Amino acid sequence: MNFCLRPHIPDDLLERYAMARLSPVECASFEEHLLICPICQERLAGVEEFVVIIRAALVELGVEPVGRIGAQAAVSL
Amino acid sequence: MLATRRSHTSSALDGSNDPALIDPVPESLSDLEIAQQAQPAEALRGQVNWQELVERIHRGEEAGMEELYRLFGRGIRYYLCRQLGHQELDDKVHDTFLIVVQAIRRGELREPERLMGFVRTVVRRQVAAYIDEVVHSRRDELNLDVGVRVADRRNNPEQSAAFRQKVEFMRGILRSLSERDREILTRFYLEEQSQELICKDMNLSETQFRLLKSRAKARFGEIGRRRLQQKPLMSVSLRTSSP
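What follows is the structure in structure tokens.
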């Protein structure tokens, strides 16, 4: 039986961790939770996969440098 | 349970049990977002009796060590695998666990409630030691000062095919977006701009930004569930924090 902690790490924190955007102090607390929570381990794996895939896809699409579209359009997704 | 075995990395870990070198658990966690949303060690006192667990291990009780392994075994394996790959993973997990147990038995963990932070510190030092070892070993072998990929992240053909397929799916999703939405995602995921900067530049609310990301994820997940039955691509996971 695995021990897990609740509440679990929010998605945006998982994403920030996957992208190495947590501060050292945030990272410490995050990793302590991660060491003991298999659910968040699984969730992080999924988030990391998404980040890897979207980065690869964006590179392959050859997205142009930013800053040329502006803020005129609404978010359309 | 714990066979004493000379680790090939143990020399690099000398001093890893020095309490003076152990990262302290920050005192101000309650001020942090993560502390409010993901339970830090402090919040676990009611769930795990760290004092008792450490005392049992200190006394050499087999059950105490089993409890420690039950709590941390999977997490240690996960962390090491994520940072270093699968190579010799069992040995690395064993070495890490041994260091933790031996330190506790020597009475070096003076604040049992900091056990989680202590385990994390040991694991991170293990990762750093393995990376250091690989770098030096490669330098010795090749006499080249080059960047080294420590973890063996080469996929087998099946994993490579699954990865290619997922990237293709993602490209399809991205193509279906407006140019503006692609720019937002590019800024965030590829150029690693902050959410605040992107929202400011693109005149987006935080909600709009989150919605765009969550919808992209949902569509990716939907396609993944529908078409793919592969496990997540752990082998291409990102290195995150520096050890």
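Residue numbers (the working numbering), protein chains in the order written: chain A, 4 to 80; chain B, 138 to 380. Beta carbons: idealized from backbone N, C-alpha and C, even for Gly. Given the structure is predicted, the values throughout are model-derived calculations rather than measurements.
Taking all protein chains in view, the Cβ of B/K337 is surrounded by fewer than 16 other Cβ atoms within 10 Å, so the residue is classified as exposed. Relative to B/Q224, the option among B/R317, B/Y267, B/E329 and B/W187 whose CA is nearest is B/Y267. In this structure, the CA atom of B/N186 is about 14 Å from the CA atom of B/H195.
Each residue's CA atom was taken as its position, placing B/Q239 and B/V256 some 12 Å apart. Residues of chain A whose Cβ lies closer than 8 Å to the Cβ of B/L205 do not exist, since the nearest Cβ in that chain is about 11 Å away. The residue among A/E35, A/P13, A/A23 and A/P10 with its C-alpha nearest the C-alpha of B/F325 is A/A23. B/K303 reaches chain A at I56, counting residues in chain order whose Cβ is nearer than 7 Å. DSSP assignment within the stretch 318–346 of chain B yields the following whole alpha helix (DSSP H) runs of 4 residues or more, N-terminal first: 332–339.
The beta carbons of B/P249 and B/Q184 sit no closer together than 8 Å. DSSP places A/A21 in the uninterrupted alpha helix (DSSP H) bounded by D14 to A21. Residue burial annotation: B/H273 is exposed, with fewer than 16 other C-beta atoms found within 10 angstroms of its C-beta. Within chain A, L38 have C-beta atoms less than 8 Å from the C-beta of B/I213, given in sequence order. Residue contact check for B/V237 against chain A: no CB pair falls below 8 Å.
Only residues of its own chain outside the window of five on either side were considered, and among them I241, L246, P249 and L252 have a CB closer than 7 Å to the CB of B/V191, listed in chain order.
In terms of Cα proximity to B/I213, the closest of B/H231, B/A298 and B/E199 is B/H231. Interface with chain A (8 Å Cβ-Cβ cutoff): B/T323 is included.
In its chain, beyond the 5 residues on either side, R319 have a beta carbon closer than 6 Å to the beta carbon of B/L311. The beta-carbon separation of B/K354 and A/F53, rounded to 6 Å, stays under the 8 Å limit for a contact.
B/G244 sits in coil when the DSSP states are folded into three classes, being neither helix nor strand. Minimum Cα-Cα distance from B/L314 among the listed residues B/K350, B/T258 and B/V237 corresponds to B/K350.
Contact annotation for B/G254 against chain A: A31 and E35 [CB-CB distance below 8 Å, chain order].
The three-state secondary structure of B/V185, taken from DSSP, is coil. With contacts defined as CB atoms closer than 8 Å, B/L217 and A/R58 fail to qualify as a contacting pair.
For B/M202, the nearest beta carbon of chain A is not closer than 8 Å to its own beta carbon. Runs of alpha helix (DSSP H) with 4 or more residues, each lying fully within the stretch 195–240 of chain B, are found at 199–221, listed in chain order.
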